[in-house]
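**Q**
In our numbering, the protein residues as written are 21 to 137.
1) If residue 66 and residue 81 are in contact, beta carbons under 8 Å, what's the gap, nearest whole angstrom?
2) Under 6 Å Cβ to Cβ from residue 42, same chain only, skipping five residues before and after it: list those, please.
3) Where residue 117 and residue 64 are concerned, what is the direct C-alpha to C-alpha distance, given to the nearest angstrom?
4) Have a look at 62, 50, 33 and 56 and flag the residue whose alpha-carbon is nearest the alpha-carbon of residue 115.
5) Tell me which residues share the same chain as residue 135 and place their Cβ nearer than 7 Å to its Cβ, disregarding the 5 neighbours each side in the sequence.
6) Would you check if the distance between the CB atom of residue 99 and the CB atom of residue 108 is smaller than 8 Å?
7) Counting C-beta neighbours from all protein chains within 10 Å, is the total for residue 51 16 or more, i.e. buried, or is it exposed?
8) Would you call residue 105 buried or exposed, if buried means 16 or more other Cβ atoms sit within 10 Å of its Cβ?
9) From residue 125 to residue 111, what distance separates their C-alpha atoms?
10) For residue 42, which of helix, strand or coil comes out of DSSP?
In C-alpha cells form, the structure reads like this:
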C-alpha cells in the first residue's frame, strides 16, 4: 500500500526494485505485477460466473452489487418525492475496488483489468 501511495503522489522514495522493468512478474516491474494481480483479484469471480452463462452471471452480479444500487435508488426516489429526511445531495464515492467490478459488469473487461487513474 505504501508503494501505491508514494507512487501515486509522485514521491521519489520508492525502492527501484518495485519500479524497475524486468522479468520479475510477467515482464513487468514488481509494482506493476502486484498492481495487476490485485486488480485482477477483484474481477475473477465475475469472470468465472460470466463463463458459466449469462443467466448465472446476471444473478451473481445482481447479488454482488444489487444492494448498492437499491440503496442509491431509494435515496434518489425519496429526494424526488420530497421526503423531509431524504438527502438533498447524494454523492456516492467509490474506490477502484468497486469501480473495477462495475466496469466488468458493463462489458468493459479490458478496462477492468487495469486500476483506474
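No residue lacks a Cβ here, since even glycine has one placed at the ideal position from N, Cα and C.
None of the values given here were measured: they were computed from a predicted structure.
**A** Let's see:
1) Counting from one through the chain shown, the residue named residue 66 turns up at place 46. Counting from one through the chain shown, the residue named residue 81 turns up at place 61. About 7 Å separates the two Cβ atoms, so the contact holds.
2) Locating residue 42 in the chain shown gives position 22, counting from the first residue. In this predicted model, residue 42 has a pLDDT of only 45, less than 50, meaning its place in the structure is not dependable enough to derive any value.
3) What you label residue 117 is simply residue 97 of the chain shown in a count that begins at 1. What you label residue 64 is simply residue 44 of the chain shown in a count that begins at 1. Taken atom to atom, the span from the alpha-carbon of residue 117 to that of residue 64 is near 12 Å.
4) As a working note, residue 115 is residue 95 in the chain shown. Comparing Cα positions, the closest option is 62.
5) In the chain shown, the residue the question calls residue 135 occupies position 115. Contacts found: 55, 59 and 116.
6) As a first step, residue 99 is located in the chain shown; it is residue number 79 there, counting from the start. As a first step, residue 108 is located in the chain shown; it is residue number 88 there, counting from the start. Yes, Cβ-Cβ distance for residue 99 and residue 108 is below 8 Å.
7) To locate residue 51, count along the chain shown from 1; it is residue 31. By the 10 Å Cβ count, residue 51 comes out buried.
8) Translated into positions along the chain shown, residue 105 becomes position 85. Exposed is the call here.
9) Numbered from its first residue, the chain shown carries residue 125 at position 105. Numbered from its first residue, the chain shown carries residue 111 at position 91. In a straight line, the C-alpha of residue 125 is about 21 Å away from that of residue 111.
10) Taking the chain shown and counting its residues from 1, one reaches residue 42 at position 22. Bear in mind that the predicted position of residue 42 carries a pLDDT of just 45, short of 50, making it unreliable; the figure below should be weighed with that in mind. Correct three-state label for residue 42: coil.
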